[in-house]
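Undergrad: Here our numbering is used: the first residue of the sequence shown is 971, the next is one more, and so on.
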Amino acid sequence: MTNRRFQKGLTLIEALIAVAIFAIFALLVNSIFFNILRGTLKQESLKDVKQSGSVAMEIMEKTIREAESVTCNASSSITTINPDGTSTTTFQISTDAITGTTGTNVNKLTGEKVRVNSLAFTCDNTGVYPVVTITFILEHINNTTNPNRAEGFATMDFRTTVSLR
971 MTNRRFQKGL TLIEALIAVA IFAIFALLVN SIFFNILRGT LKQESLKDVK
1021 QSGSVAMEIM EKTIREAESV TCNASSSITT INPDGTSTTT FQISTDAITG
1071 TTGTNVNKLT GEKVRVNSLA FTCDNTGVYP VVTITFILEH INNTTNPNRA
1121 EGFATMDFRT TVSLR
């Protein structure tokens, strides 16, 4: 019999164990990588929604705050008389976006990557200064090949109250 210390090579069992350990390690690394990628996609979706909603809210707030007067036409539309006293601005939903119309100029306030689920204006003229509550919901447009994937979906509610000066 030969001494085992001097034999070179691996047995079949040792080779199978090494391959199994490598396969498990590769699956774990792959899983971690795809989870990080999904998290990044979700964060990008949320960032797009938050950024678009904040810009739209800021524009509507500023316009309403500086207006001479406001008229809630319907729950999803409001018209302001601008400080010059002659022109008006109307905010409403148009083709899944919040738009602001001044004269013949129509400006889209929300980005291309989001859609508006709802928009509501509530006017309270009982106080000294009129108060307008703006509420809307934005969702990210999922452009992935599978629209049911959760990482591409993001929705956010926006709400504020503005008092005219």
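Beta carbons are placed, not taken as given, at the ideal position from N, Cα and C, and that holds for glycine.
Could you tell me which of Met1126, Val1086 and Ser1046 sits nearest to threonine 1092, measuring between CA atoms?
TA: Comparing Cα-Cα distances from threonine 1092 to each of Met1126, Val1086 and Ser1046, the minimum goes to Ser1046.
Undergrad: Pull up the CB-CB distance for glycine 1073 and serine 1057, whole angstroms please, since I reckon it's below 8 Å.
TA: Confirmed, about 6 Å.
Undergrad: Can the beta-carbon of threonine 1125 be found less than 9 Å from the beta-carbon of isoleucine 1107?
TA: It is a contact, given that the beta carbons lie within the stated cut-off.
Undergrad: Tell me whether arginine 1129 is buried or exposed, calling it buried when 16 or more other Cβ atoms sit within 10 Å of its Cβ.
TA: That one is exposed.
Undergrad: How many whole angstroms separate the CB atoms of isoleucine 1068 and alanine 1037, which I take to be in contact at a CB cut-off of 8 Å?
TA: That belief does not hold up - the Cβ atoms of isoleucine 1068 and alanine 1037 are roughly 17 Å apart, past 8 Å.
Undergrad: Is the Cβ-Cβ distance between asparagine 1112 and serine 1015 less than 9 Å?
TA: In this structure, serine 1015 lies closer than 9 Å to asparagine 1112 by Cβ.
Undergrad: According to DSSP, is phenylalanine 1140 helix, strand or coil?
TA: With the chain running from 971 to 1135 in the structure shown, residue 1140 is simply not present.
Undergrad: Let me confirm a value: valine 1040 is counted as buried when at least 16 other C-beta atoms fall within 10 Å, else exposed. Which label applies?
TA: With 16 or more Cβ atoms within 10 Å of its Cβ, valine 1040 is classed as buried.
Undergrad: Taking the alpha carbon of serine 1064 as the reference point, which residue from Asn1052, Pro1053, Gly1055 and Gly1081 has its own alpha carbon closest?
TA: Of Asn1052, Pro1053, Gly1055 and Gly1081, the residue nearest in Cα terms is Gly1081.
Undergrad: Alpha carbon to alpha carbon, how far is phenylalanine 1123 from arginine 978? Give it in angstroms, no decimals.
TA: Inspection of the sequence shows that residue 978 is occupied by lysine rather than by arginine. The straight-line gap from Cα to Cα measures roughly 56 Å.
Undergrad: Exposed or buried, leucine 1089, counting other C-beta atoms within 10 Å across all chains shown (16 or more means buried)?
TA: Leucine 1089 should be labelled buried.
Undergrad: In terms of alpha-carbon separation, which member of His1110, Glu1109 and Tyr1099 lies closest to threonine 1131?
TA: Nearest of His1110, Glu1109 and Tyr1099 to threonine 1131, Cα basis: Tyr1099.
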